[in-house]
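**Q** First, the structure itself, so that you have it in front of you.
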Amino acid sequence: MQFLQLPTLQGPLQSRNFRLLVTCNAISVTGTSIATVAIPFAVLDVGGSAGDVGLIAAAKLVPLIAFLLIGGVIADRWPRHRVLVAANVAQAAAEGAAAGLVVSGHAQVWHLGVLSAIGGMGVAVSYPAAQGLLPHTVPAAHRQQAVALDRMSRNTASIVGAALGGLLVAFWGAGLGLGIDAASFAIAAALRFRMSFTNLPQVRKSNMISELRQGWRTFTSRRWLWVTVALSGVFTTASSALIAVLGPLAADLHLGGARSWGFIVAAYGFGAVVGGMVLLRFRPRRILLAGILSFPALSLLFFALAIPLTTPVNIALSFLAGAFLEIFEVGWAIALQQEIPPEELSRISSYDAFGNYALSPAGTAAAGGLADAFGLPVILTCSGVLIVLLSATAPLVPEIRNLRGRPPGTSAAESVGGGHGDAPAERQDVQHHEM
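Residues 644 to 1078, numbered by our numbering, are exactly what the sequence shown covers, in order.
Structure (structure tokens):
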């Protein structure tokens, strides 16, 4: 596979808006990772059952999925950094209220459910806004490095946050973890408020339904787009079932339990960080094809758990999967930024996220029952084979096979399969550099 060497990192990091965006993302992801550990224990601390823990998780996920498409329209209608500020303020208020109720001893399960739902709606708005904002923080020539740096900081923050969450809950209780998450959203909102852009899409006053329809037309008119979302949606369903159900079951039966599974999951995160470091300097020329062909790296982990192989082997394979799948994550972000009109990017990102996560709750819920009915090794093996077959379809789609990343500094007209033009440069008066 051919790779293109990229310029140095100075370009993205010279942008004040990009530095603010990456810092905000890292802070909020750290807080969210802490809260992910804290929330189940908060539910149990207030007398909730294991079933209540699942209901609270669903209380966040269901509104997230339900409001994603509306969130994409909102982020395309108004300045995206202001949309992020509003979403972060709402998330900070919800998490702060949850922390106060837990610490004071007045929390009930339904309180946590309502506040989790508010947090889910905040994510539904903030995710498409963040996806649409990033390409406006750097010139087109630096977008891959910007995406790789942002993802590397997010992956690192996720690892650090999960570790901190465990320590905070163990020594000081779940309420403190929720309070830190609230503070992280408040800090992110304050930093995002300092961003300044002159190149964002203009505020539009058209009907929201018509904008949803226009986004759908854009989505369905590009075969590479909807086929990739369909493939990655099935992949995400399988990987979610692995992380939430199948992997922990395999670890409990054969690898010594939660401790071993924790190391395996952490190895994936470290692999993603290393993969991101490589992608800071190199890029596959066929960005989408290379990304989808990286999917089978996760199949190896499915097969290793089905056999089962030893914990060190599973850790190594999880690390490998994280590194290779980062090729898809970065390549996909570049493809969207390169081929989708800037004024529609948030809507398309919301359709992408909706397609990826709509089936995950059902897949995760069904995984345990299927494992009981057919045996855990059979379900793990079938899932791994399914992922390999998904990847094998990618070269059959010409639009996926032929979509190439543009060489740094070139325009759409100068590249093979050019999209809709580069985003305008950031304002010229930012931090002593010329964009």
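Glycine residues also receive a C-beta, built at the ideal position from the N, C-alpha and C atoms.
Computed from a prediction, not measured in an experiment: that's the story for all the values here.
(1) For residue 865, does the three-state DSSP call read helix, strand or coil?
(2) State buried or exposed for residue 720, treating a residue as buried only when at least 16 other CB atoms are found within 10 Å of its CB.
(3) Mind checking residue 751: buried by the 16 CB within 10 Å criterion, or exposed?
(4) To the nearest angstrom, how far is it from the Cα of residue 1000 to the Cα of residue 885?
(5) Tell me the residue span of the beta strand (DSSP E) that contains residue 925.
(6) Just tell me which of 972, 1028, 682, 948 has its CA closest to the CA of residue 813.
(7) Whole angstroms is fine: what's the gap from residue 998's alpha carbon to residue 808's?
(8) CA-CA distance, residue 962 and residue 790?
(9) Does the distance from the CB of residue 686 to the CB of residue 695 come in under 7 angstroms?
(10) I'd like to know whether the C-beta atoms of residue 1007 and residue 888 end up nearer to each other than 7 angstroms.
(11) For residue 655, does the three-state DSSP call read helix, strand or coil?
(12) Is the stretch 762-771 close to the stretch 742-749, with three or more CB pairs under 8 angstroms?
(13) Where in the stretch 711-780 do unbroken runs of the alpha helix (DSSP H), each at least 4 residues long, occur, reported from the N-terminal end onward?
(14) Inspect the beta-carbon positions of residue 1039 and residue 877 and report whether they are closer than 7 angstroms.
(15) Quick check on residue 680: does DSSP put it in helix, strand or coil?
(16) Would you report the Cα separation of residue 949 and residue 933, rounded to the nearest angstrom?
(17) Which stretch, first to last residue, makes up the alpha helix (DSSP H) that contains residue 1028?
(18) Mapping the DSSP letters down to three states, classify residue 1102 as helix, strand or coil.
(19) Going along the chain, which residues of its own chain have a beta-carbon closer than 6 angstroms to the beta-carbon of residue 691, five neighbours each way excluded?
(20) Three or more C-beta pairs closer than 8 angstroms, one from the stretch 1021-1037 and one from the stretch 896-906: is that the case here?
(21) Between the stretch 652-666 and the stretch 814-829, can you find at least three pairs of beta-carbon atoms closer than 8 angstroms?
(22) Quick one: residues in its chain with C-beta nearer than 6 angstroms to the C-beta of residue 730, no 5 flanking neighbours on either side, listed in chain order?
(23) At what residues does the alpha helix (DSSP H) containing residue 1040 begin and finish?
(24) Relative to the C-alpha of residue 899, which residue among 942, 854, 952 is closest?
(25) When we look at the beta-carbon of residue 851 and count the other beta-carbons within 10 Å, is it buried (16 or more) or exposed?
(26) Buried or exposed: where does residue 1018 fall if 16 or more other Cβ atoms within 10 Å of its Cβ makes it buried?
(27) Leaving aside the five residues before and after residue 1053 along the sequence, list all residues of the same chain whose C-beta is less than 6 angstroms from its C-beta, in chain order.
(28) When we look at the beta-carbon of residue 1057 and count the other beta-carbons within 10 Å, is it buried (16 or more) or exposed?
(29) DSSP three-state call for residue 990: helix, strand or coil?
(30) Could you check what DSSP says for residue 661 in three-state terms: helix, strand or coil?
(31) If you draw a straight line from the alpha carbon of residue 966 to that of residue 663, how long is it in whole angstroms?
(32) In three-state terms, what does DSSP make of residue 953?
(33) Using 8 angstroms as the threshold, is the stretch 920-935 in touch with the stretch 857-866, meaning 3 or more CB pairs across them?
**A** With the structure as the only source:
(1) The count along the sequence shown starts at 1 and reaches residue 865 at position 222. Three-state result, residue 865: coil.
(2) The residue given as residue 720 occupies position 77 in the sequence shown. Classification for residue 720: buried.
(3) Counted from its first residue, the sequence shown places residue 751 at position 108. With fewer than 16 other Cβ atoms within 10 Å, it is exposed.
(4) Residue numbering aside, residue 1000 sits at position 357 when the sequence shown is read from its first letter. Residue numbering aside, residue 885 sits at position 242 when the sequence shown is read from its first letter. So the two alpha carbons sit approximately 14 angstroms from each other.
(5) The residue you call residue 925 lines up with position 282 of the sequence shown. Counting along the chain, the beta strand (DSSP E) containing residue 925 begins and ends at 925-927.
(6) Along the sequence shown, one-based indexing puts residue 813 at 170. The shortest C-alpha separation from residue 813 is found at 682.
(7) Stepping through the sequence shown from its first residue, residue 998 is reached at position 355. Stepping through the sequence shown from its first residue, residue 808 is reached at position 165. Their Cα atoms are separated by approximately 30 angstroms.
(8) Numbered from 1 along the sequence shown, position 319 holds the residue referred to as residue 962. Numbered from 1 along the sequence shown, position 147 holds the residue referred to as residue 790. Whole-angstrom Cα-Cα distance: 20 angstroms.
(9) Translated into the one-based positions of the sequence shown, residue 686 becomes position 43. Translated into the one-based positions of the sequence shown, residue 695 becomes position 52. Going by C-beta atoms, residue 686 is nearer than 7 angstroms to residue 695.
(10) In the sequence shown, counting from the first residue as 1, residue 1007 sits at position 364. In the sequence shown, counting from the first residue as 1, residue 888 sits at position 245. Cβ atoms of residue 1007 and residue 888: closer than 7 angstroms.
(11) Taking the sequence shown and counting its residues from 1, the one referred to as residue 655 is at position 12. Residue 655 falls in the helix class under three-state DSSP.
(12) no
(13) 723-747, 752-776
(14) Within the sequence shown, residue 1039 is the residue found at index 396, counting from 1. Within the sequence shown, residue 877 is the residue found at index 234, counting from 1. Their beta carbons are not under 7 angstroms apart, which means residue 1039 does not touch residue 877 by this criterion.
(15) Residue numbering aside, residue 680 sits at position 37 when the sequence shown is read from its first letter. Here residue 680 sits in helix by DSSP.
(16) For the purposes of this step, residue 949 is identified with residue 306 of the sequence shown, where counting begins at 1. For the purposes of this step, residue 933 is identified with residue 290 of the sequence shown, where counting begins at 1. Spanning the two alpha carbons is a distance of roughly 27 angstroms.
(17) Here residue 1028 corresponds to residue number 385 of the sequence shown, with the count starting at 1. Residues 1019-1036.
(18) Only positions 644 to 1078 of the chain appear in this structure, which leaves residue 1102 out of reach.
(19) Working through the sequence shown from its first residue, we reach residue 691 at position 48. Only 752 meet the Cβ criterion.
(20) no
(21) no
(22) Translated into the one-based positions of the sequence shown, residue 730 becomes position 87. Taken in chain order, the residues that qualify are 765, 768, 769.
(23) Locating residue 1040 in the sequence shown gives position 397, where the first residue counts as 1. No alpha helix (DSSP H) contains residue 1040, which DSSP labels as neither H nor E.
(24) Residue numbering aside, residue 899 sits at position 256 when the sequence shown is read from its first letter. If we check each option's Cα against that of residue 899, 952 comes out closest.
(25) As a position in the sequence shown, residue 851 is number 208, starting the count at 1. Classification for residue 851: exposed.
(26) Numbered from 1 along the sequence shown, position 375 holds the residue referred to as residue 1018. Exposed: under 16 other Cβ atoms inside 10 Å.
(27) The residue labelled residue 1053 in the question sits at position 410 within the sequence shown. At residue 1053, the pLDDT of 47 sits below 50, so the modelled position is not reliable; the number obtained from the coordinates is stated separately. None.
(28) Counting from 1 along the sequence shown, the entry for residue 1057 is found at position 414. Unreliable placement is indicated for residue 1057, whose pLDDT of 38 sits below 50; no coordinate value is reported for it.
(29) Here residue 990 refers to the residue found at position 347 when the sequence shown is read from its first residue. In the structure shown, residue 990 sits in a helix (DSSP, three-state: H, G or I).
(30) For the purposes of this step, residue 661 is taken as the residue at position 18 of the sequence shown. The answer is helix: DSSP assigns residue 661 an H, G or I state.
(31) Residue 966 sits at position 323 when you count from the first residue of the sequence shown. Residue 663 sits at position 20 when you count from the first residue of the sequence shown. Computed Cα separation, rounded: 26 angstroms.
(32) Within the sequence shown, residue 953 is the residue found at index 310, counting from 1. Coil at residue 953, not helix or strand.
(33) no
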